[in-house]
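*Asks:* Residue numbers (my numbering): 232 to 520. We treat Cβ as the ideally placed atom computed from N, Cα and C, and that holds for glycine. Bear in mind that the values here come from a model prediction, so they are computed numbers and not experimental data.
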Amino acid sequence: SAKIGGRNAIRFFDPDMQVELNRRSTIEKALRRAVNSNQLSLYLQPQVDIERHIFGVEGLLRWEDPILGFVPPSDFIPVAEASGLIIPLGEWVIEQACEILARWKHDPILKSVKLSINISPRQFHHAEFVSVIEKQLEHHQLDGSKLELEVTESLLIEDIDITVSRMKALGKHGIQFALDDFGTGYASLGYLKQLPLALLKIDQSFVKDLLTDNNDEAIVTTILALGSSLELGVIAEGVESRQQVSKLESMGCHLFQGYLYGRPAPAEEWQRKIIDNKGFAPEPLNLKE
Ligand code: C2E
Ligand code: MG
Ligand code: MG
Ligand code: MG
232 SAKIGGRNAI
242 RFFDPDMQVE
252 LNRRSTIEKA
262 LRRAVNSNQL
272 SLYLQPQVDI
282 ERHIFGVEGL
292 LRWEDPILGF
302 VPPSDFIPVA
312 EASGLIIPLG
322 EWVIEQACEI
332 LARWKHDPIL
342 KSVKLSINIS
352 PRQFHHAEFV
362 SVIEKQLEHH
372 QLDGSKLELE
382 VTESLLIEDI
392 DITVSRMKAL
402 GKHGIQFALD
412 DFGTGYASLG
422 YLKQLPLALL
432 KIDQSFVKDL
442 LTDNNDEAIV
452 TTILALGSSL
462 ELGVIAEGVE
472 SRQQVSKLES
482 MGCHLFQGYL
492 YGRPAPAEEW
502 QRKIIDNKGF
512 APEPLNLKE
């Protein structure tokens, strides 16, 4: 376009950028088919307390295209957001989550496990969002008390009053909210106080070098203090070693999620493991020993 002048004009012809645009459009076309053709699955990853008791699982979307193979969420979620495909995709995730919870609600062990799913901002602000969830709860005869929704600070770019009223409407069903990737966004702390949240999820980027990086330690300390003063649970993401757990524990963090306790795997697999281990995560494999 004529408006792209000066130094920016160079970027327009940047071959790397063209490759990126092609890739996005390939992903978008393939993703459009994926929703209706059985290429998606919802993997689960356990969330544990200090006793290794599994109190929750996070649902993570997986997509295997016949030609592209496994495409990671970091590649297709942004494309889905930008194209609007996140609406049918997100609805599929909600359906799967409710189906799992309906299967679990009569099992003596699984019935106490919470399932959390990721909700993108565009999905949250879509006009039908609340009613899609309500329909699924009704269809599966569920109350929402075992369903948690993970949202990010970017929700707050929109009107705070609308965000809070939607959260409260869902909260009436017992649905809880977790703030994902906490610390990486730019929400003001004043906003945070207004949101009906249950849990803060410390972003894995702060956990990764926690043992060696003083800045990360300071950030984690701050998040834990914030959680305790706002009376929110705090869970650390991306936990890969026992040393990280000891450190986190000594800092006052008691909830963990990460490869140390289990990788994301198909729902049936975790379902069986949770039953076999009577609600506990298997003995952790220390990746860093
Ligand atoms: P997230 O919600 O913050 O999920 C955590 C990510 O960290 C997942 O990546 C998980 O596989 C990975 N992870 C868990 N434990 C460890 C660990 O110990 N070490 C490392 N290095 N990574 C770990 P994944 O599954 O690739 O998902 C990436 C992101 O894609 C998610 O980040 C979430 O933002 C988005 N996403 C995934 N599924 C959905 C979905 O159904 N809907 C939406 N809207 N977004 C989703
Ligand atoms: Mg998440
Ligand atoms: Mg996260
Ligand atoms: Mg993320």
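List, from N- to C-terminal side, the beta strand (DSSP E) runs of 3 residues or more that fit wholly inside the stretch 449-514.
*Replies:* Counting whole runs of 3 or more residues, the stretch 449-514 contains the beta strand (DSSP E) stretches 464-467.
*Asks:* In the DSSP assignment, find the beta strand (DSSP E) that holds residue 290 and state where it starts and stops.
*Replies:* Per DSSP, residue 290 belongs to the beta strand (DSSP E) from 285-296.
*Asks:* For ligand 3, which residues count as neighbours when the test is a C-beta closer than 7 Å to any heavy atom?
*Replies:* Listed along the chain, these residues meet the criterion: 411, 412, 432, 434, 435 and 468.
*Asks:* What do you get for residue 492, buried or exposed, if any count of 16 or more other CB atoms within 10 angstroms of its CB means buried?
*Replies:* The residue is buried, with at least 16 neighbouring Cβ atoms inside 10 Å.
*Asks:* Enumerate in chain order the residues of its own chain whose CB-to-CB distance from residue 304 is below 6 Å, with the five nearest sequence positions on each side excluded.
*Replies:* So the list reads 292, once near-sequence residues are dropped.
*Asks:* Decide if the stretch 464-471 is in contact with the stretch 244-253; the criterion is three or more beta carbon pairs, one per stretch, under 8 Å apart.
*Replies:* With the cut-off at 8 Å, the stretch 464-471 and the stretch 244-253 do not touch.
*Asks:* From the DSSP output, in three-state form, read off residue 422 for me.
*Replies:* Residue 422 falls in the helix class under three-state DSSP.
*Asks:* Taking the straight line between their C-alpha atoms, what separation do you get for residue 394 and residue 310?
*Replies:* Roughly 23 Å separates the two Cα atoms.
*Asks:* Identify, in the order they occur along the chain, each residue of the same chain with its Cβ nearer than 8 Å to the Cβ of residue 365, setting aside the five sequence neighbours on each side.
*Replies:* The residues are 404.
*Asks:* Tell me whether residue 305, by its Cβ, gets closer than 7 Å to a heavy atom of ligand 1.
*Replies:* Because some heavy atom of ligand 1 lies under 7 Å away, the Cβ of residue 305 counts as near it: yes.
*Asks:* Any idea what DSSP makes of residue 304, helix, strand or coil?
*Replies:* Helix.
*Asks:* Kindly examine ligand 1 and report whether one of its heavy atoms sits closer than 7 Å to the Cβ of residue 290.
*Replies:* Because some heavy atom of ligand 1 lies under 7 Å away, the Cβ of residue 290 counts as near it: yes.
*Asks:* At what residue ranges does the stretch 307-363 contain a whole run of the beta strand (DSSP E), taking only runs of 3 or more?
*Replies:* Counting only runs of 3 or more, we get 345-349.
*Asks:* Under three-state DSSP, which class holds residue 406?
*Replies:* It is coil, neither helix nor strand.
*Asks:* Whole angstroms is fine: what's the gap from residue 389's alpha carbon to residue 432's?
*Replies:* Going by the C-alpha atoms only, they are around 21 Å apart.
*Asks:* Can you tell which of 269, 276, 385 and 325 has the C-alpha that lies nearest to the C-alpha of residue 414?
*Replies:* Closest option to residue 414, Cα to Cα, is 385.
*Asks:* May I ask you to check if the CB of residue 513 is nearer than 7 Å to at least one heavy atom of ligand 1?
*Replies:* Result no, Cβ not under 7 Å from ligand 1.
*Asks:* Does at least one heavy atom of ligand 2 sit under 7 Å from the Cβ of residue 312?
*Replies:* The answer is no for residue 312.
*Asks:* Which first and last residues belong to the alpha helix (DSSP H) in which residue 246 is found?
*Replies:* Residue 246 -> alpha helix (DSSP H) spans 246-265.
*Asks:* Taking 7 Å as the cut-off, does the CB of residue 381 come closer than this to any heavy atom belonging to ligand 2?
*Replies:* Yes; taking the cut-off as 7 Å, the Cβ of residue 381 has a heavy atom of ligand 2 nearer than that.
*Asks:* Nearest to residue 499 by alpha carbon, out of 468, 275, 314 and 262?
*Replies:* Closest option to residue 499, Cα to Cα, is 275.
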